[in-house]
Amino acid sequence: MKRRHIVIFLICISNRLILLSQSTAVSNGRPPVSGYQLIWSDEFNGSALDRTKWGFHGLGKRGDAYNTTKAVRLDRKGHLVIEASIQGDSIHTGIIHTANLFETRYGYFECRAALTRTTGIWPAFWLQSSKNTDGGTPEANGVEIDIFEYFRNDRADAVSHALHWAGYGSTHKMFGPFYSPLKPTEDRFHTFGLEWTPSSYAIYVDGVKTNEGTTYISQVAQYILLSLEVNKNVAGLPSLVDLPDSFVVDYVRVYKKR
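Residue numbering for the sequence shown follows the working numbering, beginning at 366 and increasing consecutively.
Here's what the structure looks like:
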């Protein structure tokens, strides 16, 4: 599906407002940035998760749910499905990552996904560094880069983006969140992208640049994560009658400068 339109956003970058006017084709199979070539992808066309590309992240209790391998599957229609469901007296969800399988520095990272409809669970597409430890710096130790998180309890009509570094203890630092509006689509799918260069980050939603910044730039290789989580302190708790619900991903693609 291709749509051509003009979108205007007010963007907050380092406490400054910048007006962006973008004309773009949405989901046309090409990244919205020029000069890049595809180097890695998963189109999820098989019958099971490709374990040469993905591993399971943080199995067991995490927040207010349990991460399990059974929560992650392919639907045999070209989609990855991460499901939040009730199993006994617990909520089960899943997280996958490319740690130790595919890690890279700089490039354009994109996924196409349909978001959850239930308040209290949140899907995300993000990058992480294995060196993101307490007291570290973005340049030397990397940054958790939240390409998007969807908190329906906060804003059902937007996704958020943030940076985290220096570990997750007393030295933890954060920049954000920043928001990008979501417009309804016929099939509920959206594209979410990050252009990461040695000097900047730029976020794209449905082919439109919505946020950019030039501070706290990671200079180390990072890996990809796709997650669906439950944590009452972050996104509230879901109503059990609304589960199961799923985060559905059409593809993940990574491009590098030619």
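Beta carbons: idealized from backbone N, C-alpha and C, even for Gly.
When the beta-carbon positions are compared, isoleucine 510 and tyrosine 544 stay at least 8 Å from each other. Taking a contact to require three or more Cβ pairs closer than 8 Å, the region 575–583 and the region 424–444 do not qualify as touching. Residues Arg438, Asp440, Ser611, Val613 of the same chain have their beta carbon placed closer than 6 Å to that of valine 446, with the five preceding and five following residues left out of the count. About 23 Å separates the Cβ atoms of alanine 479 and arginine 427, ruling out a contact at the 8 Å cut-off.
For asparagine 432, the enclosing beta strand (DSSP E) has its first and last residue at 430–432. About 6 Å separates the beta carbons of tyrosine 471 and threonine 562, which is inside the 8 Å limit, making them a contact pair.
Rounded to whole angstroms, the separation of the alpha carbons of leucine 605 and glutamate 475 is 31 Å.
The beta carbons of aspartate 499 and alanine 531 sit about 6 Å from each other, so the pair counts as a contact at 8 Å. Glutamate 504 is positioned such that its CB atom lies no closer than 8 Å to that of glutamine 587. In the three-state scheme derived from DSSP, where H, G and I count as helix and E and B as strand, leucine 439 is classed as strand. Lysine 418 and phenylalanine 490 do not touch by the CB rule: their CB atoms are close to 15 Å apart, not below 8 Å. Counted as a single uninterrupted DSSP element, the stretch harbouring glutamate 594 is not any alpha helix (DSSP H) but the beta strand (DSSP E) occupying residues 587–594. If the five residues before and after arginine 623 are omitted, its C-beta is found closer than 8 Å to the C-beta atoms of Gly400, Tyr401, Gln402, all from its own chain and listed in chain order. Between arginine 395 and aspartate 454, the alpha-carbon positions lie close to 44 Å from each other. In this chain, the beta strand (DSSP E) harbouring asparagine 576 covers 573–578. Contact between aspartate 429 and valine 595 holds: their C-beta atoms lie close to 5 Å from each other, under 8 Å. Beta bridge pairing from DSSP links arginine 427 with Ala430. One Cα belongs to aspartate 607, the other to phenylalanine 516, and the distance between them is close to 16 Å.
Just measuring C-alpha positions, the residue of Trp405, Pro397, Pro488 sitting nearest arginine 618 is Trp405. Residue Ser495 holds the alpha-carbon nearest to the alpha-carbon of threonine 469 among Gly485, Ala600, Ser495.
Taken atom to atom, the span from the alpha-carbon of alanine 527 to that of asparagine 518 is near 17 Å. Uninterrupted beta strand (DSSP E) stretches at least 3 residues long and entirely within the region 538–577 occur at 538–546, 554–562, 565–570, given in chain order.
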